[in-house]
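Numbering (the UniProt record's numbering), first residue to last: 1 to 250.
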């Protein structure tokens with residue numbers, strides 16, 4: 001079969017063939033020099049038969065291209081990437097030049113592109129977004145968008161009804177300390193004694209927190225935690241950068 005790569009222009013229903021992709025691309029598509037305008041939701045379609053009588057569309061994949069120093073930070077409260085259901089979640093865009101006009105937007109495979117104000121129980125005040133009574137449907141990629149359409153600082157947010165991993169929202173700088181915890185909402189002490197995993201492999205057993213005192217690039221990867229009775233958390237990607245970023249942490 002042939003594979004054709006496309007860009008979802010409206011993030012939900014329509015997809016347009018990329019100008020330099022063609023039928024018979026062989027399952028590969030390369031962007032030789034990534035630019036900010038390559039940010040988007042991509043799919044590929046596979047065709048079989050001549051003429052094509054069977055077409056399959058892949059899952060959507062959000063690809064984000066960012067600049068070196070984003071002019072705005074997305075502050076998440078509580079400050080972690082995974083969150084419980086039925087709680088309040090706050091996201092706000094903080095501009096280094098203190099200018100206004102930023103809004104919080106979200107992309108999810110289920111609901112496509114949404115403004116904060118159009119989310120279920122979501123409300124936008126200035127550059128801040130509050131989601132009351134979170135549900136698993138609030139899982140997605142959130143970012144700050146200016147009035148002129150500039151998109152900055154994407155953050156993957158996962159809302160889960162069981163065990164969650166407490167991990168940093170922003171990339172960790174090499175040399176910093178990284179602390180991970182396993183949390184469960186419906187207990188007196190939310191910190192669980194759990195096993196911690198990196199890229200699917202067990203790295204620490206039966207502890208309330210995992211501390212990496214000096215982070216290096218090799219610590220980058222997907223992390224999760226597992227409790228023998230409460231279950232397993234979703235996976236979160238932890239990014240390690242070699243440069244100091246102007247992110248604010250609360």
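All residues carry an ideal CB built from backbone N, CA and C; glycine is no exception.
- Taken in chain order, the complete beta strand (DSSP E) segments of 3 or more residues contained in the segment 40-115 are 40-48, 54-57, 61-63, 72-77, 82-84, 89-95, 103-108 and 112-115.
- Counting every other CB atom within 10 Å of its CB across the protein chains shown gives residue 180 a total of 16 or more, marking it as buried.
- Rounded to whole angstroms, the separation of the alpha carbons of residue 33 and residue 135 is 38 angstroms.
- Selection 31, 18 and 73 evaluated against residue 154 yields 73 as nearest (Cα-Cα).
- When Cβ pairs closer than 8 angstroms are counted between the two stretches, the segment 214-228 is seen to touch the segment 169-177, the count reaching three or more.
- Exposed is the label assigned to residue 35, since fewer than 16 other Cβ atoms lie within 10 Å of its Cβ.
- Excluding sequence positions up to five before and after residue 133, its CB lies within less than 7 angstroms of the CB of 86 and 121, all in the same chain and listed in chain order.
- Counting along the chain, residue 152 sits inside the beta strand (DSSP E) bounded by residues 151-160.
- Residue 145 and residue 152 have their alpha carbons spaced roughly 6 angstroms apart.
- Between residue 82 and residue 228 the beta-carbon gap is near 19 angstroms, outside 8 angstroms, which marks them as no contact.
- One Cα belongs to residue 38, the other to residue 17, and the distance between them is close to 14 angstroms.
- Of the residues 140, 183 and 84, the one whose Cα lies closest to the Cα of residue 104 is 140.
- Approximately 6 angstroms separates the beta-carbon atoms of residue 107 and residue 62; this is inside 8 angstroms, confirming the contact.
- Taking the CA atoms as reference points, residue 93 sits about 27 angstroms from residue 182.
- The straight-line gap separating the alpha-carbon atoms of residue 162 and residue 49 is approximately 45 angstroms.
- The bridge partners DSSP lists for residue 141 are 107 and 156.
- In this chain, the beta strand (DSSP E) harbouring residue 226 covers 221-227.
- From the listed residues 124, 113, 224 and 218, the smallest Cα separation to residue 210 is found for 224.
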